[in-house]
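Trainee: Sending over a structure as structure tokens; questions will come in a sec.
2 protein chains.
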Amino acid sequence: MKRTTFADMQCSMSRALEVIGDWWTPLIIRDLFIGVARFDQLVADLGISRNLLTERLKLLEENKLVSKRAYSEKPTRYEYVLTAAGADLVPVLMALTAWGDKWVRPAEGKPMLFKHHTCGNVFSPEITCPHCAGAVDATTVTTLPGPGGRKKRGTMVIAELLTKAQQASA
Amino acid sequence: MKRTTFADMQCSMSRALEVIGDWWTPLIIRDLFIGVARFDQLVADLGISRNLLTERLKLLEENKLVSKRAYSEKPTRYEYVLTAAGADLVPVLMALTAWGDKWVRPAEGKPMLFKHHTCGNVFSPEITCPHCAGAVDATTVTTLPGPGGRKKRGTMVIAELLTKAQQASA
DNA sequence: CGAATAAGTTCATTTATAGAACTCACTAAA
DNA sequence: TTTAGTGAGTTCTATAAATGAACTTATTCG
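Top to bottom, those sequences are chains X and G. According to the working numbering, the residues represented by the first sequence are 5 to 174, in order. According to the working numbering, the residues represented by the second sequence are 5 to 174, in order.
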């Protein structure tokens with residue numbers, strides 16, 4: 005049957021996945037960030053099917069991660085540009101790339117490096133806590149229910165589990 | 005036809021997506037992190053089809069993000085535990101959640117909060133540069149070709165683009 | 001014995017993906 | 001001034017994957 009929608013799950017990660025959770029979308033965003041912005045270039049770079057690219061770009065536009073801009077009249081030609089929301093996803097994709105570099109790196113080494121222009125260094129992104137500037141990892145973080153927490157599909161078990169854990173610690 | 009594999013693309017993000025790039029897998033990892041670890045619990049929490057969950061867990065095990073552990077003999081019963089590689093993905097998913105909190109938050113507010121036990125604060129994860137501790141965003145970072153950069157499907161256009169940009173800046 | 005629990009399998013139906021071929025509007029070369 | 005080429009899609013068919021419900025299997029509890 006049709007794909008289950010994550011849009012109405014009460015979980016920000018699920019909702020994010022509704023927008024970028026399919027195979028090609030993160031690669032399209034990566035390409036737009038790097039500067040591959042036109043339809044045929046995207047097809048050439050990724051080897052994606054043209055009908056799929058059309059569909060994905062349309063969805064990205066509807067979700068306001070990407071906007072379409074004419075770079076030529078006469079033959080009307082468009083290119084695709086990341087919006088603020090789309091650009092804000094770039095660091096997350098960099099963090100995912102860093103994970104890939106660490107765990108599924110090709111034998112030849114890292115395919116791509118990131119350079120931070122604020123300090124001039126080539127770096128590997130880290131995920132940190134803004135309060136203490138320390139690294140965040142699975143062992144030093146716990147989850148708490150937020151104001152939007154609800155028990156529904158996607159959080160049927162989790163919703164109660166978080167509440168109980170909080171009560172136990174209180 | 006069958007889904008295009010990203011496993012042989014010369015890009016760490018693509019390779020990461022080969023492992024966690026489908027709809028349900030990130031949610032499964034989220035649940036395992038939070039403590040929903042058994043088959044029927046996962047079905048109940050997510051509303052995922054049982055055959056799909058079986059398939060996803062098998063793939064996660066093959067890719068060494070998850071391991072299966074018997075918690076009962078006699079009726080042999082298993083639960084699923086994140087490996088080091090799987091746990092290392094948790095901060096990335098938290099960063100994605102933070103993006104979701106910012107751009108596609110439910111009307112009721114954040115469904116879930118993170119608490120950093122190193123400093124005791126509830127926080128929203130940030131992606132930073134380990135050299136200067138500054139935030140990383142799309143405007144302050146550029147990409148350079150790495151030693152494993154290659155021109156093949158997934159990087160046909162990008163490979164040359166990065167090389168040219170580097171030569172131009174040199 | 002009969003019902004319940006946990007962890008899957010099997011199956012029919014619906015939807016998505018892949019890849020190739022085709023369309024349409026213009027432009028540059030012969 | 002036909003002819004070929006470019007860019008951005010659309011249309012088409014086959015194959016593969018997702019959904020949801022029903023069915024298995026093994027074991028324990030009342």
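For glycine and all other residues, C-beta sits at the position ideal for the given N, C-alpha and C.
Check whether chain X comes within 8 Å of L21(G), counting only Cβ atoms and requiring the distance to be less than that.
Mentor: Residue 21(G) sits at position 17 when you count from the first residue of the second sequence. True, the Cβ-Cβ gap to chain X drops below 8 Å.
Trainee: Nearest to Q45(X) by alpha carbon, out of S16(X), D12(X), Y82(X) and N67(X)?
Mentor: Here residue 45(X) refers to the residue found at position 41 when the first sequence is read from its first residue. Closest by alpha carbon: Y82(X).
Trainee: Given that F118(X) touches chain G, what residues does it touch there, using C-beta distances under 7 Å?
Mentor: As a position in the first sequence, residue 118(X) is number 114, starting the count at 1. For F118(X), the chain G residues whose Cβ falls inside 7 Å of its Cβ are V145 and T147, in order along the chain.
Trainee: Taking only beta-carbon atoms, is N55(G) less than 8 Å away from chain X?
Mentor: For this step, residue 55(G) is matched to residue 51 along the second sequence. Taking Cβ atoms only, chain X never reaches closer than 8 Å to N55(G), which makes this a no.
Trainee: By DSSP, does L79(G) sit in helix, in strand, or in coil?
Mentor: On the second sequence, position 75 is the one that residue 79(G) refers to. Just to set this straight, residue 79(G) is Pro in the shown sequence, not Leu. Assignment of P79(G) by DSSP, reduced to helix, strand and coil, places it in the coil class.
Trainee: Give a yes or no on whether 8 Å exceeds the smallest Cβ distance from K175(G) to chain X.
Mentor: Only positions 5 to 174 of chain G appear in the structure, and residue 175(G) is not among them; the question remains open.
Trainee: Around the Cβ of G153(G), are there at least 16 other Cβ atoms within 10 angstroms (buried) or fewer (exposed)?
Mentor: For this step, residue 153(G) is matched to residue 149 along the second sequence. G153(G) is buried by the Cβ-count criterion.
Trainee: Interface residues of chain G around R109(X) at Cβ under 9 Å?
Mentor: As a first step, residue 109(X) is located in the first sequence; it is residue number 105 there, counting from the start. Those are S16, R19 and G152, listed as they occur along chain G.
Trainee: According to DSSP, is T101(G) part of a helix, a strand, or is it coil?
Mentor: Working through the second sequence from its first residue, we reach residue 101(G) at position 97. Judged by DSSP in its simplified three-state form, T101(G) adopts helix.
Trainee: How should A172(G) be labelled, buried or exposed, when 16 other C-beta atoms within 10 angstroms of its C-beta is the threshold for buried?
Mentor: Mapped onto the second sequence, residue 172(G) falls at position 168. Result: exposed.
Trainee: Are the C-beta of I38(X) and some C-beta of chain G separated by less than 8 Å?
Mentor: Residue mapping note: residue 38(X) aligns to position 34 of the first sequence, counting from 1. Chain G contact via Cβ: present.
Trainee: Based on the DSSP secondary-structure assignment, which residues constitute the bridge partners of A74(G)?
Mentor: Residue numbering aside, residue 74(G) sits at position 70 when the second sequence is read from its first letter. Answer is Y82(G), bridged to A74(G).
Trainee: What residues in the region 85 to 104 of chain X have a beta carbon less than 8 Å from any beta carbon of chain G?
Mentor: L86, A89, A91, D92, L93, V94, P95, V96, L97, M98, A99, L100, T101, A102, W103 and G104
Trainee: Does any CB atom of chain X fall closer than 8 Å to the CB of I32(G)?
Mentor: Here residue 32(G) refers to the residue found at position 28 of the second sequence. So no, I32(G) is outside the interface.
Trainee: On the three-pair Cβ rule with 8 Å, is the region 28 to 36 of chain X touching the region 11 to 18 of chain X?
Mentor: With a cut-off of 8 Å, the region 11 to 18 of chain X and the region 28 to 36 of chain X do not count as touching, because too few Cβ pairs lie within range.
Trainee: Distance cutoff 8 Å, beta carbons only. Does V161(G) sit that close to anything in chain X?
Mentor: As a position in the second sequence, residue 161(G) is number 157, starting the count at 1. So, interface residue.
Trainee: Count the C-beta pairs between the region 113 to 123 of chain X and the region 136 to 145 of chain G that are closer than 8 Å, then say yes if the count reaches three, no if not.
Mentor: Three or more beta-carbon pairs separated by less than 8 Å link the region 113 to 123 of chain X to the region 136 to 145 of chain G, which places the two stretches in contact.
Trainee: May I ask you to list the residues that DSSP assigns as paired with A137(G)?
Mentor: Residue numbering aside, residue 137(G) sits at position 133 when the second sequence is read from its first letter. DSSP lists no partner for A137(G).
Trainee: Check distances from the C-beta atoms of the region 130 to 142 of chain X to those of chain G and list, in chain order, the residues that come in under 9 Å.
Mentor: Residues of the region 130 to 142 of chain X with a C-beta atom less than 9 Å from some C-beta of chain G are E130, I131, T132, C133, P134, H135, C136, A137, G138, A139, V140, D141 and A142, listed in chain order.
Trainee: What does H120(G) pair with, by DSSP beta-bridge criteria?
Mentor: One-based indexing of the second sequence puts residue 120(G) at position 116. Paired residue(s): V145(X).
Trainee: Does DSSP put R34(X) in a helix, in a strand, or in coil?
Mentor: Residue 34(X) sits at position 30 when you count from the first residue of the first sequence. Helix.
Trainee: Would you grab the beta carbon distance between A89(G) and W107(X) for me? Rounded to a whole angstrom, and I think it's under 8 Å.
Mentor: Stepping through the second sequence from its first residue, residue 89(G) is reached at position 85. Stepping through the first sequence from its first residue, residue 107(X) is reached at position 103. With a Cβ gap of about 5 Å, A89(G) and W107(X) count as contacting.
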